[in-house]
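One structure is given here, and the rest of the page talks about it.
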């Protein structure tokens, strides 16, 4: 049994220690907001936070995540109220939407570390692939969320 | 106004509720599905169906059904806008829901078509959806008029409220919906003048977006059913090959393994607990393939095959005007060039997948398919059951781009596996490697173009020989006429340019690599060929490439091409000076009933590194349903189109695809994004598409900018294969 803390809840899962965290989240815990895109840490659709750091869960053995704090899109906010989620709606960012939860998790990790990122900061941190081509709006929405949280004196979560 | 009987519709509703409910109980579907079905039928009782498209609850909630599928283009919102405009309802109370595929089939295709592709959702359904909205409005106002016992002509509907004008009495849609539902459906209700639209043409927030930012949206791959098992697949690496043998014993003891299912050209491992288990076991499974007769084919041999097509003495003619021979004989200048474009794979972010549940009574499937009606047909055929026993659960798609319209082999595979284990739901997922290596590829193409200029630099003749693979020869034979794939020749055979003499030929070159419609289909590579070549002619004539095009677009039938070209050139300030080293390229194209143009600003440094600074891209699609969705489609096309121009290339070696994942089939990312300015110039009077047209002018506009910057003419894609260092 492997103990995991996901979105503040503790789980014991009976899986092989090399099972990738992505599949534990999706298939064992039913948290399907985290997506499978490539399986090689190339596209970022599977991005979650491990102790606040963005990681690509499709290549991370679940044993490495044991004992650490895992946050998925389902735990980013309880009601879609995270400033990024709100900005994403305001800018009507998603198209098909499949990559967007990973994109938001990458952006959320960036804003936590760097509440007022420049375009270059965004370029370096948000490297997720979107085939629909939402990048222009992704960038705009991150800036909007940064401004909002700046005026609200700092971002939590 | 004609009336059609509404009786059959009423009695149908009663019947289907009874039959549907009974069937569900017999089958003992998973609890969640039963609960869902009960909820749906409970809602049906309190949500009168005014017409098949419109349900209105007593609390004034309006439910508008969507027959096509949302794959990112925004039609889940745009299509209801068409209905709502004529319904005269309160848009803030509108919800969208998918029309049921089985109901569609039971009710004699009442929702017309469920196919989503060809940039057709809005333009092909706008008339019947607006008509449906207008019919429902008339029924609601008639019901109110009856209640008040006044002439219906004295009643008007607006914002979900019906007002009796003389007395100012009011009633809401929800209060009269049940009565309205008993009335006959007027057949040809008058439609609004577009000048009076209040919903259409205004940017609307999309219905599907809130759940997409929280992860709540359940794509097909997110289907979760009790007792579900997972399936991983390996397909024969060489197209046309087959499975020889597998050693299933070798993996029998691996975690979760349930069984190995051999198919003719593939093998599947089914496992419990997680797809991870299935995929791990598949990787360890010893498989022997019979590679078949195409194991020696390579990109080089395919190119040679295309060259033979160029060199054939004769080929089927796709366009003939005037006399090119005498024009070339008297030419002052002759320009000839060969252009090439490679295979491309779609790489939808949601990989191919399908969940299927086979029971003796019925078959349920969840699939990211662009045509749920075809999905039902394929399921029925594969499971060998009547289509009336198939339920296709509609879900949003994680991208489509043409990959999953005509070709839904993943549905066939999942249903075959499910049929071997009745009562157990099976979720088949293709790995990204399977997706890249077993696509339906944008066809490979080689084109030779020649043109004649007279002594004044005026173009007098244009000849084209296309040597390319036909997408439709295998699947839509009616699109092949006298040896010409009539879709494959678009951009050339229908070019708006006024060359006095034209001769065009099409040499079909079908290979063993399976082709398919890739976003914009022929309007991805053909515009690159044509608009780059037009640039070559402008250069040879010593003219500005924008003005050269203008001269060739002075005919009445080219007026909309000219107008969008002008609009984009103006927005891009074509004649203004640019920073040192930055250069512009331009291109224009009509496709899918719309008109597009683009100007791209780019620079190439001494090391040959390309920077794309600014893209100005414009469209005239006639009328616009949701302008923000059209804008998003053009923005998205910039990424899809430029990714292909920069990196897109599927190559063949030993009969198989060489690329396998995003490390060798590279995608544009955020850091590479130029500034994008979208110019919407809807001129009205027609309905054009929006999902694909924006693709067309991008690659040529970029390559024309590169020529302006470096003097290097790019005649093959992708750009990653070119040394762009200034000569």
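Residue numbers (the numbering used here), protein chains in the order written: chain A, 4 to 160; chain B, 156 to 882.
The beta carbon of each residue, even a glycine, is placed where N, CA and C say it ideally should be.
- Around the Cβ of residue 510 of chain B, a 10 Å sphere holds 16 or more other Cβ atoms; the residue is buried.
- Residues of the segment 86-100 of chain A with a C-beta atom less than 7 Å from some C-beta of chain B are 88, 91, 92, 95, 97, 98, 99, 100, listed in chain order.
- Checking the DSSP bridge columns, you'll see residue 26 of chain A has no partner listed.
- Against residue 104 of chain A, the close residues of chain B are 370, in the order they occur along the chain (beta-carbon pairs closer than 7 Å).
- Distance check between residue 816 of chain B and each of B/661, B/804, B/881, B/871 places B/804 closest, using alpha-carbon atoms only.
- Closest by C-alpha distance to residue 744 of chain B, out of B/729, B/773, B/601, is B/773.
- Beta-carbon to beta-carbon, residue 101 of chain A and residue 828 of chain B are separated by about 19 Å, too far to satisfy the 8 Å threshold.
- Annotation: Cβ neighbours of residue 367 of chain B in chain A (cutoff 7 Å, chain order): 97, 100, 103.
- At a cut-off of 9 Å between C-beta atoms, residue 148 of chain A does not count as an interface residue with respect to chain B.
- Between the segment 794-813 of chain B and the segment 233-240 of chain B there are fewer than three C-beta pairs closer than 8 Å, too few to call the two in contact.
- Note that the C-beta distance between residue 260 of chain B and residue 542 of chain B is below 9 Å.
- Taking a beta-carbon distance threshold of 9 Å, residue 792 of chain B counts as an interface residue toward chain A.
- Interface flag for residue 502 of chain B against chain A is set, since a Cβ pair is found closer than 9 Å.
- Shortest Cα-Cα distance from residue 71 of chain A to any of A/34, A/61, A/51 involves A/51.
- DSSP places residue 329 of chain B in the uninterrupted alpha helix (DSSP H) bounded by 328-335.
- In the same chain as residue 769 of chain B, and ignoring 5 residues on each side of it, the C-beta atoms closer than 6 Å to its own belong to 756, 829, 830, in chain order.
- If one requires a minimum length of 4 residues, the alpha helix (DSSP H) runs lying completely within the segment 346-375 of chain B are 364-369, in chain order.
- CA-to-CA, the gap between residue 736 of chain B and residue 760 of chain B works out to about 8 Å.
- Cβ contact annotation for residue 298 of chain B (same chain, cutoff 7 Å, sequence separation greater than five): 331, 334, 335, 338, in chain order.
- For residue 858 of chain B, the secondary structure class from DSSP, reduced to helix, strand or coil, is helix.
- The alpha carbon of residue 76 of chain A has as its nearest neighbour, out of A/107, A/25, A/27, A/113, the alpha carbon of A/107.
- Three or more Cβ pairs drawn from the segment 520-539 of chain B and the segment 566-581 of chain B lie within less than 8 Å of each other, which places the two stretches in contact.
- Under the 10 Å beta carbon count, residue 459 of chain B is surrounded by fewer than 16 other beta carbons and is classified as exposed.
- Rounded to the nearest angstrom, the gap between the Cα atoms of residue 262 of chain B and residue 281 of chain B is 21 Å.
- Around residue 265 of chain B, the same chain offers 207, 259 as residues with beta carbons nearer than 7 Å, after the five sequence neighbours per side are excluded.
- Residue-level contact by beta carbon holds for residue 364 of chain B and chain A, with a gap shorter than 9 Å.
- Any Cβ of chain B closer than 9 Å to the Cβ of residue 38 of chain A would place that residue at the interface, and such an atom is present.
- At the C-beta level, residue 544 of chain B and residue 552 of chain B stay beyond 9 Å of one another.
- For residue 768 of chain B, the enclosing beta strand (DSSP E) begins and ends at 765-775.
- For residue 48 of chain A, the closest C-alpha among the options A/130, A/115, A/151 is that of A/130.
- Shown here, residue 400 of chain B sits in a strand according to DSSP, grouped into three states.
- Ranked by how close their Cα comes to the Cα of residue 231 of chain B, the residues B/878, B/359, B/652 have B/359 in first place.
- For the segment 606-634 of chain B, the set of positions with a beta-carbon nearer than 8 Å to some beta-carbon of chain A is empty.
- Taking the Cα of residue 251 of chain B as reference, the smallest distance to any Cα among B/223, B/267, B/456, B/775 is reached at B/223.
- For residue 310 of chain B, DSSP records a beta bridge to B/319.
- Neighbours of residue 227 of chain B in chain A, taken as residues whose beta carbon is under 8 Å from its own, are 97, 98, 99, 100, 135 in chain order.
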